[in-house]
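Note sheet for the following structure.
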Amino acid sequence: SPLLTLYGAVEARETAQLSTVVSGYIKSIYHNKGDWVDQGELLLTLDDQELQLALLQRQASVDDLEARITNEQLRFKSDQEALVIEQQLQKINNRNLQRQQALMQQNMSSQVQLEDALRAVQQQQLAMINRKRSIAEHPYRLAQLKSQAIQSQVQLSLAQMDLKRSRVNAPFGGRILNVD
2 SPLLTLYGAV EARETAQLST VVSGYIKSIY HNKGDWVDQG ELLLTLDDQE
52 LQLALLQRQA SVDDLEARIT NEQLRFKSDQ EALVIEQQLQ KINNRNLQRQ
102 QALMQQNMSS QVQLEDALRA VQQQQLAMIN RKRSIAEHPY RLAQLKSQAI
152 QSQVQLSLAQ MDLKRSRVNA PFGGRILNVD
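Be aware that the sequence shown starts at 2, since it is given in our numbering, and climbs by one per residue.
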């Protein structure tokens, strides 16, 4: 029988050179050169201790900002309640000032008492101005905190992605040609 010798090369349909997006020390290699692997099978893991710490740090930042947002909302509510009380105090101080002015005109009060009453009115006016400013600034403080919370949430998501990327899985089934 005749013999025909043919020369050729066999190439795989798919090849892939795998690497990780994150850098780190290799913790475990699960397969060696020549091993057959199925799609999705774990090939190697990186030491993820630093990535775990980064994830914890990002979660703490998210938690901190959530607490700060809650605190800002409580502060706003408290400021509104305090403004009502300060306005009531101002009415009392104004009545006292009017009383001291009337008594002063009748020579039944001293200049010191009148000045004390005037000082109380002015101090209360300053307190109300500061309280109103704090109330007016609330939306801006809250917007800043919410913006920071979004940034922290993004950083947390990136840390979670990095942690997932510390594990390399086979993108398709096949034979491992080389392990570097």
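Beta carbons are placed, not taken as given, at the ideal position from N, Cα and C, and that holds for glycine.
Chain-order list of residues whose beta-carbon lies under 8 Å from that of residue i (same chain, five-residue window excluded)
{"i": "K255", "result": "With the chain represented from 2 up to 181, any question about residue 255 goes unanswered, as that position is not in the structure."}
{"i": "K62", "result": "The sequence given here places Ser at residue 62; Lys does not occur at that position. Hits under 8 Å: S153, Q156, L157."}
{"i": "N108", "result": "none"}
{"i": "Q112", "result": "M105"}
Pair within 8 Å by beta-carbon distance, residue i and residue j
{"i": "V23", "j": "H32", "result": "no"}
{"i": "T21", "j": "R132", "result": "no"}
{"i": "Q101", "j": "L115", "result": "yes"}
{"i": "L19", "j": "E73", "result": "no"}
Reference residue i, options the options, closest by Cα
{"i": "D163", "options": "V85, R96, N131, G25", "result": "G25"}
{"i": "D64", "options": "G175, N170, A150", "result": "A150"}
{"i": "L159", "options": "A13, Q53, Y8, Q18", "result": "Q53"}
{"i": "Q40", "options": "T16, Q125, M129, L90", "result": "T16"}
{"i": "N170", "options": "Q101, L43, T21, L7", "result": "L43"}
{"i": "G174", "options": "L7, Y8, R14, T6", "result": "R14"}
{"i": "M129", "options": "L119, Q89, L4", "result": "Q89"}
{"i": "Q161", "options": "V11, P3, Q101, Q50", "result": "Q50"}
{"i": "Y141", "options": "L5, F77, Q18", "result": "F77"}
Close Cβ partners of residue i (< 7 Å) along its chain, the five nearest in sequence each way excluded
{"i": "E67", "result": "A150"}
{"i": "T46", "result": "K28, S29, S167, R168"}
{"i": "R69", "result": "L146"}
{"i": "L119", "result": "L98"}
{"i": "L1", "result": "Residue 1 is absent from the structure shown; the chain starts at 2 and stops at 181."}
Residues near residue i in its chain [Cβ-Cβ closer than 6 Å; skip 5 each side]
{"i": "A121", "result": "N94"}
{"i": "Q126", "result": "none"}
Checklist line | Cβ contact check for the segment 74–90 and the segment 124–139: 3 or more pairs under 8 Å | finding: yes
Next item on the list: Answer yes if the segment 86–103 comes into contact with the segment 45–59, meaning at least three C-beta pairs across the two stretches below 8 Å, and no otherwise.
Entry: no
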